[in-house]
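Report on the structure given below.
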Amino acid sequence: MDTSVRLLILSTLIACGFAVDRNNFKTCEQSSFCRRLRATKPSDTKYELNLSSLQISDNAIESELVDKEADVSLKFAITALADSTFRVFVDEIKPLHPRYQVEGVLNGEPQVARLELLQRTNEEISIRSGDNKVVIKALPFKIEFYSGGKLVTVFNGRGLFNFEHLRAKPAEEGAAADLGDEAPKESIDPGAWSENFKSFHDSKPRGPEAIGLDITFPEAQRAYGLPEHADRLALRTTTSGGQEPYRLYNLDVFEYELDSTMAIYGAIPMLYAHSAQHTVGVFWQNAAEMWVDVTNSKDGNVVSSIVSLVSGQKQDVHIDTHFMSESGVVDLFVFLGPTMRNVAQQYAKITGTAPLPQYFSLGYHQSRWNYNDEDDVRMVVQKLDEHNFPVDVMWLDIEYTDGKKYFTWDAIKFKNPETMLQNLTATGRKLVVIIDPHIKREGGYFLHEDALANNYYVKNKDGNVYEGWCWPGSSSYLDFFDPKVREYYAGLYAFDKFVGTTKDAYLWNDMNEPSVFNGPEITMPKDCIHYGDWEHRHVHNLYGLYHTMATFDGLLKRSGNKLRPFILTRGHFAGSQRYAAVWTGDNAAEWSHLMYSIPMCLTEALGGMSFCGADVGGFFKNPDEELLQRWFQTGVWLPFFRMHSHIETKRREPYLYSTDVQNRIRTAMWQRYAHLPVWYTLFHEHEVTGEPVIRPLVYHYPTDGNVFDIDNQLLVGSSIMARPVTESGASSATVYFPGGAQERWYDIEDFKPFQGSGSVTIPVSLDKSPVYYKGGSIIPRKDRPRRASTLTHDDPFTLYVALDHNNSAQGRLYIDDNESYEYRKKKYLYLQFNYKDGVLSNSFVDPDASYQTSAWIERVVILGPPAGVKRAKLESKELGVQKLSVSYDSEGGSLTIRKPAVIISDIFTITLEE
């Protein structure tokens, strides 16, 4: 069997979605650098700071850090940054080759803060920035971080720091005798200089260059973060019971396993360590393959390994971590909180936030691999309209192209793409098409010819164009690290280049880990060469980020920098949130995958990627009707809401099911569309503040130990709590109500209140999924059903006022033109609503901003209202004084004020009267 046939069979097996074969992916023991670093023995003497070389500036200190065993000098620096953040940096002073330092991840140069020298001796130095103190000890080398006078983080407290300096390759065995005293005396792992995995050989031309560092969090009770993994929210202990470390290495893992530390599509080395008293975070800006061991002292079978954190003192509760990276430098950000909210915002200041997305992108997306042709697209939209299902976006997978050649259309199936797009636009819809980074190697294909002629492709270790295998067959990969390639690629999205597209066509960048069907671990060999003579091993986890960076630039330029791009990506890293949304990849139509979509997206949100969702119904396999309905009821409470499925699955558009199933799906979808103003407001606030759009309960209830492990519930902002039903055949669901004895929560369907705190068994049916408004919240909704969000912009609002135990509530609403960047010129409305003592009022959060809208207030619904209200009085600038009618529901659980008819931007008060 020749190679091309074998590769075709491989790609076919991949397409069929066979369960993950673990043998295709390395364990730590099979990875030379992980094996070496995980075996590191604690050392008190290997590394020493030479404090006589210390240099101090207004915001940083620098010193020589000496590897005494290898007699190698490293540069050590620690910088004080704004907002309780420190940056630790270590690199070789005179490396044999430059070591890779990550570019493109940070959102500009971090703002520095003033640093004050507190104490300096021959053994240690103490510095302060704001309320935080850092103690740096020379021997053993160690860094202690204090917040509010309490020790919260220790760097190298266990003596596992290891920085493999670059060196000349030792002589081959038998030749060392000729070198005399210069013969290398070190004993090193046999995979350090070259490594084999299955049939693949990694030449490792620069030899060993790995870095390991341990970070301990005294008194921390849980660790969170490190996306992307198909695992629970709270990170597990990986150092006992034969567990593998968490691996961060972007990989295309088909039908990935759940409850696993295996690497999948994204890698964000951001970790939160939390206790009821304090949260801290660390972000290691390193793009190479990384493994992270976590040890949590709460786990009964874990023996404490903390070493001399404070002289003579040993902590009983703590989190130990051991970060291990194949190459690069130490560029570590330490966020001292003190709350989880603070850490999320501190991290967002460093890596940026998602720009406000277009309003349509928060609606429902209809996709499968693949809609067959233009008639198929038209029919699906028509059927969705006929059955009153809202949809904002139709999606096309790879089959729309001419033979898997991107930026082209199939001349028969998609003969008139611009007309197809115009027809979608006429109904208020958009189109998303897929464009992957692999380029078909076919003579006459303009993109391939351009890439060859202009040297745009990634090279193999011999300097020739790298050839791999992906959907088109033989493929090569654009080198997005080259600015010229990114500029060229961005230009391909111009309307005169990608003929058939319009401003209403947006992008899906898939397979950008990068996925290579015949490569080691289904990705690119590590010794391939990128722009700047960097090996792929140095930049691997950045490839998807740079791909979307170029696409984002292209979408911006094609609209003259006027319209906000929408991009969905699979491969991602820290900073990807500035360019794209993300989804959980090729999941399966199984209840477990539905359940894990919640912690996976919550973890992504903590890693900065708030715009996250999961394929509704599962990508592989066919969901039964119960699972499909529950998936819709869950998907409406994740930021990105898309149905998508494999080419060999049955069609599952909502209108194909029975009337009862359709009704339940439609109800869930209308719930999503009614709350779009909430989602849009939260995304605005995310861009401004850095707070995630969806949040785990521990985010807002950090002192309640009962919520530390809850990841089957989520908060949308702070005002909506959803507990989706993710169990088959459920007749009840356990809901944990946080907040204390006086907290109120209102069912969003019947408005029945629950007051108190604790776990409650809630009856459920196929028509019911528990979702609650938090007492004290005002929720602006648009309750009129429409076929697309683009048709709702002038529709009226209903304000749902959920009263707390003090009979008060507040909320916010953001409005702009829903698509452009004019909001950055103060063309928006940002409104605050307040209810207190029977009076509802509004005000401008930003009085300098303005936007004209005809949207008005249709109703006000007060949950948990006072008794005896007979009428209400409206006073506004535009309408003057008006009398309004009111009515209670039959059980007195809500009070409706009818037709205030005041424009949403008009400043008003509504007073309840007895």
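Read in order, the letters of the sequence shown are residues -19 to -1, 1 to 895 in mature numbering (1 follows the signal peptide of the UniProt record, and there is no 0). The C-beta atom is built at its ideal place from N, Cα and C for all residues, glycine as well.
- Query: Distance, Cα to Cα, I888 vs L821?
  - Reply: The residue given as residue 888 occupies position 907 in the sequence shown. The residue given as residue 821 occupies position 840 in the sequence shown. Taking the straight line joining both Cα atoms gives about 11 Å.
- Return the chain-ordered list of same chain residues with a C-beta closer than 7 Å to the C-beta of L817, the five sequence neighbours on each side being excluded. The residue given as residue 817 occupies position 836 in the sequence shown. Note that residue 817 corresponds to Lys in the displayed sequence, not to Leu. Excluding residues within five positions, the ones whose Cβ falls inside 7 Å are S789.
- Task: Would you check if the stretch 561 to 578 and the stretch 230 to 250 touch, i.e. whether three or more CB-CB distances between them fall below 8 Å?
- Result: yes
- Item | DSSP bridge partner residues for M650 (one or two, in chain order) | Position 669 of the sequence shown holds residue 650. DSSP output for M650 lists no bridge partner at all.
- Item | Exposure label - K763; buried when at least 16 CB within 10 Å | Mapped onto the sequence shown, residue 763 falls at position 782. With 16 or more other Cβ atoms within 10 Å, it is buried.
- Task: Answer with buried or exposed for K411, where buried requires no fewer than 16 other C-beta atoms within 10 angstroms of its C-beta.
- Result: In the sequence shown, counting from the first residue as 1, residue 411 sits at position 430. The residue in question, K411, is buried, as its Cβ has 16 or more Cβ neighbours within 10 Å.
- alpha helix (DSSP H) segment containing L678, residue limits: Residue mapping note: residue 678 aligns to position 697 of the sequence shown, counting from 1. L678 to H681 is the span of the alpha helix (DSSP H), which, as asked, contains L678.
- Message: When you compare the stretch 620 to 628 with the stretch 733 to 741, are there three or more beta-carbon pairs, one atom per stretch, that lie closer than 8 Å?
- Response: no
- S308 and R518 closer than 8 Å at C-beta: Position 327 of the sequence shown, counted from the start, is the residue given in the question as residue 308. Position 537 of the sequence shown, counted from the start, is the residue given in the question as residue 518. Yes.
- Query: Taking the continuous beta strand (DSSP E) assigned at I548, which residues delimit it?
  - Reply: Taking the first residue of the sequence shown as position 1, residue 548 is located at position 567. Its beta strand (DSSP E) spans residues I548 to T550.
- Whole-angstrom Cβ separation of T197 and D274, contact assumed at under 8 Å? What you label residue 197 is simply residue 216 of the sequence shown in a count that begins at 1. What you label residue 274 is simply residue 293 of the sequence shown in a count that begins at 1. At roughly 12 Å, the Cβ-Cβ gap does not stay under 8 Å, so T197 and D274 are not in contact.
- Using the Cα positions of Y227 and D170, report the straight-line distance between them to the nearest angstrom. Here residue 227 refers to the residue found at position 246 of the sequence shown. Here residue 170 refers to the residue found at position 189 of the sequence shown. So the alpha carbons of these two residues sit roughly 22 Å apart.
- Query: Nearest-angstrom Cα distance between F136 and F126?
  - Reply: Within the sequence shown, numbered from 1, the residue matching residue 136 stands at position 155. Within the sequence shown, numbered from 1, the residue matching residue 126 stands at position 145. The alpha-carbon atoms of F136 and F126 are separated by roughly 8 Å.
- Measure the CB-CB distance between Y832 and K543 and report whether it falls below 8 Å. As a working note, residue 832 is residue 851 in the sequence shown. As a working note, residue 543 is residue 562 in the sequence shown. It is not a contact, given that the beta carbons lie outside the stated cut-off.
- Check each candidate in Q82, V688, S180 and E607 and name the one with the smallest Cα separation from G715. Residue mapping note: residue 715 aligns to position 734 of the sequence shown, counting from 1. Looking at the sequence provided, one finds Thr at residue 715 rather than Gly. That would be V688, whose Cα lies nearest to the Cα of T715.
- Message: Could you tell me which whole beta strand (DSSP E) segments of length 3 or greater appear in the stretch 603 to 669?
- Response: Listed in chain order, the complete beta strand (DSSP E) runs (minimum 3 residues) inside the stretch 603 to 669 are 622 to 624.
- Would you mind stating whether A555 and V86 have Cβ atoms separated by less than 8 Å? On the sequence shown, residue 555 is found 574 positions in, with the first residue counted as 1. On the sequence shown, residue 86 is found 105 positions in, with the first residue counted as 1. For A555 and V86, yes; Cβs fall inside 8 Å.
- Message: Our contact map puts L865 next to I878 with C-beta atoms below 8 Å; I'd like the distance itself, whole angstroms only.
- Response: Taking the sequence shown and counting its residues from 1, one reaches residue 865 at position 884. Taking the sequence shown and counting its residues from 1, one reaches residue 878 at position 897. The pair is a contact, with the Cβ atoms about 5 Å apart (cut-off 8 Å).
- Express the C-alpha separation of A254 and D25 in angstroms, rounding to a whole number. On the sequence shown, residue 25 is found 44 positions in, with the first residue counted as 1. On the sequence shown, residue 254 is found 273 positions in, with the first residue counted as 1. Rounded to the nearest angstrom, the two C-alpha atoms are 25 Å apart.
- Name the two residues that bound the continuous beta strand (DSSP E) containing L55. Taking the sequence shown and counting its residues from 1, one reaches residue 55 at position 74. Residues V53 to L62.
- What residues are listed by DSSP as bridge partners for R349? Counted from its first residue, the sequence shown places residue 349 at position 368. R349 is not bridged by DSSP to any residue.
- Message: With three or more C-beta pairs closer than 8 Å as the rule, is the stretch 129 to 149 touching the stretch 193 to 213?
- Response: yes
- Query: Closest Cβ-Cβ distance between S868 and chain C: below 8 Å?
  - Reply: Within the model displayed, chain C is absent; a lone protein chain is all it includes.
- Buried or exposed (CB count within 10 angstroms, at least 16 for buried), T640: As a first step, residue 640 is located in the sequence shown; it is residue number 659 there, counting from the start. The residue is exposed, with fewer than 16 neighbouring Cβ atoms inside 10 Å.
- Report, in whole angstroms, the separation of the C-beta atoms of P186 and A173, which I expect to be a contact under 8 Å. For the purposes of this step, residue 186 is taken as the residue at position 205 of the sequence shown. For the purposes of this step, residue 173 is taken as the residue at position 192 of the sequence shown. Rounded, the Cβ-Cβ distance is 12 Å, inconsistent with contact.
- The alpha helix (DSSP H) enclosing I331, as first and last residue numbers: Within the sequence shown, numbered from 1, the residue matching residue 331 stands at position 350. It spans M321 to T332 - the alpha helix (DSSP H) in which I331 sits, taken as one unbroken run.
- First through last residue of the alpha helix (DSSP H) which encompasses residue 938: Because the chain here runs from -19 to 895, residue 938 falls outside it and cannot be looked at.
- Mapping DSSP to helix, strand and coil, what is V520? Here residue 520 refers to the residue found at position 539 of the sequence shown. DSSP places V520 in helix when its eight states are reduced to three.
- Message: Could you compute how far the alpha carbon of K854 sits from the alpha carbon of A848?
- Response: Position 873 of the sequence shown holds residue 854. Position 867 of the sequence shown holds residue 848. Roughly 16 Å separates the two Cα atoms.
- In whole angstroms, what separates the C-alpha of E668 from that of S33? As a working note, residue 668 is residue 687 in the sequence shown. As a working note, residue 33 is residue 52 in the sequence shown. The alpha-carbon atoms of E668 and S33 are separated by roughly 44 Å.
- Task: Could you pull the start and end residues of the beta strand (DSSP E) that I891 belongs to?
- Result: Numbered from 1 along the sequence shown, position 910 holds the residue referred to as residue 891. From DSSP, the beta strand (DSSP E) with I891 extends over F889 to E894.
- To the nearest angstrom, how far is it from the Cα of residue 897 to the Cα of A61? Outside the shown range of the chain (-19 to 895) lies residue 897, about which nothing can therefore be said.
- Task: With DSSP collapsed to three states, give me the class of M505.
- Result: Mapped onto the sequence shown, residue 505 falls at position 524. Of the three classes helix, strand and coil, the one that applies to M505 here is coil, per DSSP.
- Task: Would you mind giving the Cβ-Cβ distance between L428 and Y387, rounded to the nearest angstrom? I have them listed as a contact below 8 Å.
- Result: Your numbering for residue 428 matches position 447 in the sequence shown. Your numbering for residue 387 matches position 406 in the sequence shown. The Cβ separation is near 7 Å, so the contact holds.
- Exposed or buried, what is L587 when buried is set at 16 or more other beta-carbons lying within 10 Å of its beta-carbon? Locating residue 587 in the sequence shown gives position 606, counting from the first residue. Flag for L587 reads buried.
- Item | Neighbourhood of R676 by C-beta distance below 6 Å, restricted to the same chain and skipping five residues each side | The residue given as residue 676 occupies position 695 in the sequence shown. The answer, listed in chain order, is L696.
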